[in-house]
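As you go down the protein sequences, you meet chains W and D in turn.
As numbered in this note's numbering, residues 4 to 103 make up the first sequence, in order.
As numbered in this note's numbering, residues 4 to 103 make up the second sequence, in order.
Protein chains: 2
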Amino acid sequence: MAPHANQPELTDDQLSRVAKALADPRRYEILKKLGTQPCATPCSHMRDAIDISPATLSHHMKELETAGLVRSEKDGKFVNYFLQHHILRAYLNRLKADLA
Amino acid sequence: MAPHANQPELTDDQLSRVAKALADPRRYEILKKLGTQPCATPCSHMRDAIDISPATLSHHMKELETAGLVRSEKDGKFVNYFLQHHILRAYLNRLKADLA
DNA sequence: TCGATATTTCGACAACCATCGAATTGATGT
DNA sequence: ACATCAATTCGATGGTTGTCGAAATATCGA
Numbered sequence: 004m005a006p007h008a009n010q011p012e013l014t015d016d017q018l019s020r021v022a023k024a025l026a027d028p029r030r031y032e033i034l035k036k037l038g039t040q041p042c043a044t045p046c047s048h049m050r051d052a053i054d055i056s057p058a059t060l061s062h063h064m065k066e067l068e069t070a071g072l073v074r075s076e077k078d079g080k081f082v083n084y085f086l087q088h089h090i091l092r093a094y095l096n097r098l099k100a101d102l103a
Numbered sequence: 004m005a006p007h008a009n010q011p012e013l014t015d016d017q018l019s020r021v022a023k024a025l026a027d028p029r030r031y032e033i034l035k036k037l038g039t040q041p042c043a044t045p046c047s048h049m050r051d052a053i054d055i056s057p058a059t060l061s062h063h064m065k066e067l068e069t070a071g072l073v074r075s076e077k078d079g080k081f082v083n084y085f086l087q088h089h090i091l092r093a094y095l096n097r098l099k100a101d102l103a
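Dropping the structure here:
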């Protein structure tokens with residue numbers, strides 16, 4: 004039985020994507036910010052805090068989303084993002100199991 | 004007080020290096036292999052298991068070492084590597100604290 | 001000393017990736 | 001319909017990095 008039964012295992016592809024996603028300092032900052040908030044209006048809020056162009060931010064959010072680390076929800080003109088804690092936990096568990 | 008008192012905190016530079024080191028599939032395999040063994044004669048043993056050129060392996064080992072994830076010890080013609088579990092643990096703790 | 005083996009360094013190449021300006025799409029309010 | 005604002009897509013650029021062959025360095029045994 005896995006350490007947390009109802010948590011999905013990460014595929015090798017996901018493992019790689021998550022690791023790469025975490026390896027970029029700007030994406031790390033974005034995740035950190037998302038972790039502190041209930042996550043409203045990302046692009047606007049992010050850009051206040053992180054100093055990044057709209058194009059670059061959009062690119063990073065897509066990376067984070069394909070890695071499964073965030074989920075997005077459209078709200079009219081805006082897009083709201085949510086940190087996916089369970090994917091993060093699955094990644095930590097995998098690292099612990101494989102290496103620690 | 005930090006979660007594990009006698010564990011060194013990671014600098015931002017180290018955090019970035021460790022994350023990048025973990026993000027390459029081949030380096031991940033190397034670490035996994037190191038984790039299972041008491042670590043003798045790396046380059047020889049690694050190359051049996053991983054199919055990699057000497058030059059590339061040397062390059063990756065250096066990356067892992069500057070990240071602090073492994074320590075090396077010369078033994079005559081050979082070099083022995085040791086997984087640095089405490090750095091790995093520090094990284095996991097940092098991720099947990101920042102994001103989870 | 002010499003030849004063999006282990007590892008590193010060098011140099012080059014290709015692939016990947018972060019970055020951003022400009023153009024585009026999509027939604028809102030007037 | 002139109003102007004405005006949020007966000008994405010496109011295209012280009014510069015920097016990073018994984019890869020390996022070849023040469024260099026280091027150690028050992030004969």
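From the three backbone atoms N, C-alpha and C, an ideal C-beta is built for every residue, glycine too.
Given the structure is predicted, the values throughout are model-derived calculations rather than measurements.
- Among the residues of chain D, none has a CB under 9 angstroms from the CB of W/R29; the nearest is roughly 11 angstroms distant.
- Taking one beta carbon from each stretch, the stretch 85-98 of chain D and the stretch 47-66 of chain D have fewer than 3 pairs nearer than 8 angstroms; the two do not touch.
- About 6 angstroms separates the Cβ atoms of D/L72 and D/A24, confirming a contact at the 8 angstroms cut-off.
- Cα atoms of W/L86 and D/A103: separation of roughly 9 angstroms, rounded to the nearest angstrom.
- W/R20 sits close to W/T69, with the two beta carbons spaced by under 8 angstroms.
- Interface with chain D (8 angstroms Cβ-Cβ cutoff): W/D51 is excluded.
- Per DSSP, the unbroken alpha helix (DSSP H) holding D/D16 starts and ends at 15-25.
- For secondary structure counted as the alpha helix (DSSP H) over 4 or more consecutive residues, the stretch 33-94 of chain D holds these complete runs in sequence order: 45-53, 57-69.
- Note on geometry: alpha-carbon atoms of D/A52 and D/I33 lie some 9 angstroms from one another.
- Looking from the CA of D/P28, the closest CA among D/T14, D/Y84, D/H63 belongs to D/H63.
- Using a Cβ distance threshold of 8 angstroms, D/R97 and D/L18 count as a contacting pair.
- In the structure shown, the three-state DSSP call for W/A103 is coil.
- Chain D places no beta carbon closer than 8 angstroms to that of W/K65, leaving this residue out of the contacts.
- At a C-beta separation below 9 angstroms, W/D101 has these neighbours in chain D: Y31, L34, K35, G38.
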